[in-house]
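Enquirer: If you scroll down you'll find the structure; I have some questions about it.
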Amino acid sequence: MKKTNYILTAALCLALTGLTGCSAPNTEEDSESSSVIQLLKDAARKLPGSAGDMAELLFAEDTKAAAKESEQAADDTAAEPAAKESAENDSIKEDSSVINNGGSVVRIHGNDYFWKYTSESIASDGVFARYSFQPDSVNDMVCRHPDGTEETIFSAAGNGSIYIAGDRMYLASSGKMFSVKLDGSSPIDYDLFTIWDSIPEAGLVIGSSAAVPGVQIISSETGSMETLAGSENTFPSYAGTLGNFLYYSAADPDSQEPILWQYALDGSGTLREIDRFSITDDRFSDYGENVSITQTAMLDNCLYYSYGFYAGTGGFFQSGGINCVELDEDGAPSRHSVCTESISAEEFVVEKRDGDIFLYYITETPGSYIGFWDDYPYDGCTVKNLSSGETKPSSFRLSRPGSFVLLDGAVCTLEENQAAYKTLLSQELVSSLGCLENQKGTEENLTIIRDLEVVDQDIFYTAETSQHDSTLDIGWRPGYRRTESRRFLQKSGQEQPQLLFAY
159 MKKTNYILTA ALCLALTGLT GCSAPNTEED SESSSVIQLL KDAARKLPGS AGDMAELLFA
219 EDTKAAAKES EQAADDTAAE PAAKESAEND SIKEDSSVIN NGGSVVRIHG NDYFWKYTSE
279 SIASDGVFAR YSFQPDSVND MVCRHPDGTE ETIFSAAGNG SIYIAGDRMY LASSGKMFSV
339 KLDGSSPIDY DLFTIWDSIP EAGLVIGSSA AVPGVQIISS ETGSMETLAG SENTFPSYAG
399 TLGNFLYYSA ADPDSQEPIL WQYALDGSGT LREIDRFSIT DDRFSDYGEN VSITQTAMLD
459 NCLYYSYGFY AGTGGFFQSG GINCVELDED GAPSRHSVCT ESISAEEFVV EKRDGDIFLY
519 YITETPGSYI GFWDDYPYDG CTVKNLSSGE TKPSSFRLSR PGSFVLLDGA VCTLEENQAA
579 YKTLLSQELV SSLGCLENQK GTEENLTIIR DLEVVDQDIF YTAETSQHDS TLDIGWRPGY
639 RRTESRRFLQ KSGQEQPQLL FAY
């Protein structure tokens, strides 16, 4: 081969190698590159002997490589949606990215999920201005992004609380429970199931079923429901979730003694008996297995719980007591003590102050009060110094921990393990909405705050207005017709609430 042929061959090879590595032409510039490649290819074929063969071979090999890269890029692009979905699901399982799980608003990675209701979603009338959900009403599940934009994820006959486990939502409908993926696909129905709590990272849902005795565990991965070993042949009642443990009560099948059980939420699934007690008081002689744990609280290493029974046509709390169990560092019980054997309401608060432990509870006023608001503060209570045993009346207005009440014109909630309140909605805001401090049931028009949720530093709530209709009165219970419900979001750091929707 002549020297000029070697030089030409090398030049053609370099040009072909550089140009054929380009992606498929999609611009005017790429189209020009394609034309140059074709010219070089034609020139390569005209080279004499082995030089032409070499250039043609290099061109063919580089074309194959470019095609392979193009195929790989196409595969990567096709895999992106599935990889994104998988990554989102894995991130839910791997970290505590779910805020306010079990509330009517749940935050997942900064996005807020909630039901968007219409005028057909709830009943138009009710006593004490309480309106039940319409079981067959179809509502939108909305995802609200941090920038304020919203999108409807799916529509279904569901309402109320939202639980997350794995990559699925667990929702209520017509007194039943159903589950869907986060995009609304792959629905699964569960009859007569009551959710207690869920573990998003582990993909587990814990609750009870009216159709099956014992505690039931649902796997979000398989959709199967299994009875928790050790809970068979019992009829459990949820008592609360504190830290990494879920508590429930159930009567001993043989002795009928009330037992407080502890279920570990760390993935081990450990179940152990925390406390049991015998009731000799005549008040409980006719109730036996109907005695249940009604409230729990943890202070330092001590678990406090109230117990009692309900009766009457309204299912009101009748009587009970409060006990305490000391737990070791692993959560196992070490010592039992009786705090008080006489309470008339479920609510209590335990507080540590100046080195002593104080217990606030109700001894005279009947519990389970029914009224316009979801909860009311009592006019007073009893306080007991558990260190000294001293008991005396207190002017502190106790309410149910975790609830919200209208107190001195503002909407407030109890501080954790303190006989004190923090303000959620100010007096000025509550007054502007038209709320009244003491409803007597004779008011022509009412505004009640419903469905309040604290999500991180943001507050969601509904201002519901109603008009009295005497034809709906049932005895001493006043009847009302709903006129409008407005759903608001009070963002942290903002003075004025945002109206999300009205119905």
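Just so you know, we're using the numbering used here here: the sequence shown kicks off at 159 and counts up by one.
Cβ coordinates follow ideal geometry from the N, Cα and C atoms, glycine included.
In whole angstroms, what separates the C-alpha of residue 289 from that of residue 547?
Expert: Distance between the alpha carbons of residue 289 and residue 547 is about 45 Å.
Enquirer: Taking 8 Å as the cut-off, does the stretch 608 to 621 touch the stretch 631 to 640 (at least 3 CB pairs, one atom from each stretch)?
Expert: Not touching, per the Cβ criterion.
Enquirer: Write down every uninterrupted run of the alpha helix (DSSP H) in the stretch 585 to 621 whose length is 4 residues or greater and which is fully enclosed by it, in chain order.
Expert: Correct list: 585 to 591.
Enquirer: Buried or exposed for residue 182, please, with buried defined as at least 16 other CB atoms from any protein chain shown within 10 angstroms of its CB.
Expert: Model confidence at residue 182 stands at a pLDDT of 42, short of 50, so the residue's coordinates are unreliable; what they give is reported in the following sentence. So residue 182 ends up on the exposed side.
Enquirer: In terms of residue numbering, what span does the beta strand (DSSP E) encompassing residue 485 cover?
Expert: Start and end: 474 to 485.
Enquirer: Which partner residues of residue 531 appear in the DSSP bridge assignment?
Expert: For residue 531, which the question treats as bridged, DSSP gives no partner whatsoever.
Enquirer: With DSSP run on the structure shown, which of helix, strand or coil describes residue 146?
Expert: No statement about residue 146 is possible, as the shown extent of the chain runs from 159 to 661 and does not include it.
Enquirer: Nearest by alpha-carbon distance to residue 256: which of 316, 298, 306 and 355 is it?
Expert: Ranking the options by Cα distance to residue 256, first place goes to 355.
Enquirer: Would residue 275 and residue 619 qualify as a contact pair, given that the criterion is a beta-carbon distance under 7 Å?
Expert: Cβ atoms of residue 275 and residue 619: not closer than 7 Å.
Enquirer: If we count the other Cβ atoms within 10 Å of its Cβ and call it buried at 16 or more, is residue 131 buried or exposed?
Expert: Because the chain is modelled from 159 through 661, residue 131 falls outside the range shown and cannot be assessed.
Enquirer: Going by DSSP in three states, residue 307 sits in which element: helix, strand or coil?
Expert: Correct three-state label for residue 307: coil.
Enquirer: Given 8 Å as the limit, is there contact between the stretch 463 to 474 and the stretch 488 to 505, that is, 3 or more CB pairs closer than that?
Expert: With the cut-off at 8 Å, the stretch 463 to 474 and the stretch 488 to 505 touch.
Enquirer: Which ranges does the beta strand (DSSP E) cover as unbroken runs of at least 3 residues, wholly within the stretch 542 to 573, from first to last along the chain?
Expert: Here the runs fully enclosed are 549 to 552, 563 to 565 and 568 to 572.
Enquirer: Candidates 565, 643, 649 and 353: which alpha carbon is nearest residue 397's?
Expert: Among 565, 643, 649 and 353, the Cα nearest to that of residue 397 is on 353.
Enquirer: Kindly indicate the opening and closing residues of the beta strand (DSSP E) around residue 380.
Expert: Element bounds for residue 380: n/a, residue is neither H nor E.
Enquirer: Within the same chain, show all residues whose beta-carbon is closer than 8 Å to that of residue 524, passing over the 5 residues directly before and after it, in chain order.
Expert: Here the set comprises 474, 475, 502 and 503.
Enquirer: The beta strand (DSSP E) with residue 429 in it runs from where to where?
Expert: 429 to 434 is the span of the beta strand (DSSP E), which, as asked, contains residue 429.
Enquirer: Using DSSP's beta-bridge definition, name the partner residues of residue 356.
Expert: DSSP, once it has assigned bridges, lists 363 as partnering residue 356.
Enquirer: Distance, Cα to Cα, residue 241 vs residue 285?
Expert: Note that residue 241 has pLDDT 49, beneath the 50 cutoff, so the model's placement of it is unreliable and the number below is only indicative. Distance between the alpha carbons of residue 241 and residue 285: 51 Å.
Enquirer: Compare the beta carbon distance of residue 291 and residue 317 with 7 Å and say whether it is the shorter of the two.
Expert: For residue 291 and residue 317, yes; Cβs fall inside 7 Å.
Enquirer: Please work out which residues of its chain come closer than 8 Å, Cβ to Cβ, to residue 381, disregarding the five sequence neighbours upstream and downstream, and give them in chain order.
Expert: Contacts found: 337 and 346.
Enquirer: What's the C-alpha gap between residue 384 and residue 639?
Expert: Going by the C-alpha atoms only, they are around 43 Å apart.
Enquirer: Can you give me the C-alpha to C-alpha distance between residue 562 and residue 601, rounded to a whole angstrom?
Expert: Spanning the two alpha carbons is a distance of roughly 22 Å.
Enquirer: Measuring alpha carbon to alpha carbon, tell me which residue in 378, 361, 360 and 395 is nearest residue 372.
Expert: Out of 378, 361, 360 and 395, 395 has the C-alpha closest to the C-alpha of residue 372.
Enquirer: Which one of 325, 552 and 330 has the shortest CA to CA distance from residue 295?
Expert: Checking every option, the nearest Cα to that of residue 295 belongs to 330.
Enquirer: Tell me, please, which residues DSSP counts as bridged to residue 540.
Expert: 519 and 551, per the DSSP bridge assignment.
Enquirer: Taking the CB atoms as reference points, tell me whether residue 422 and residue 416 lie closer together than 7 Å.
Expert: No, they are not a contact pair.
Enquirer: Excluding sequence positions up to five away, which residues of its chain have a Cβ less than 8 Å from the Cβ of residue 493?
Expert: Excluding sequence neighbours, residue 493 sits near 483 and 484.
Enquirer: Measuring only the C-alpha atoms, how far is residue 642 from residue 430?
Expert: The alpha-carbon atoms of residue 642 and residue 430 are separated by roughly 48 Å.
Enquirer: Could you tell me which residues DSSP pairs with residue 284 in its beta bridges?
Expert: Answer is 638, bridged to residue 284.
Enquirer: Excluding sequence positions up to five away, which residues of its chain have a Cβ less than 8 Å from the Cβ of residue 591?
Expert: Taken in chain order, the residues that qualify are 605, 607 and 621.
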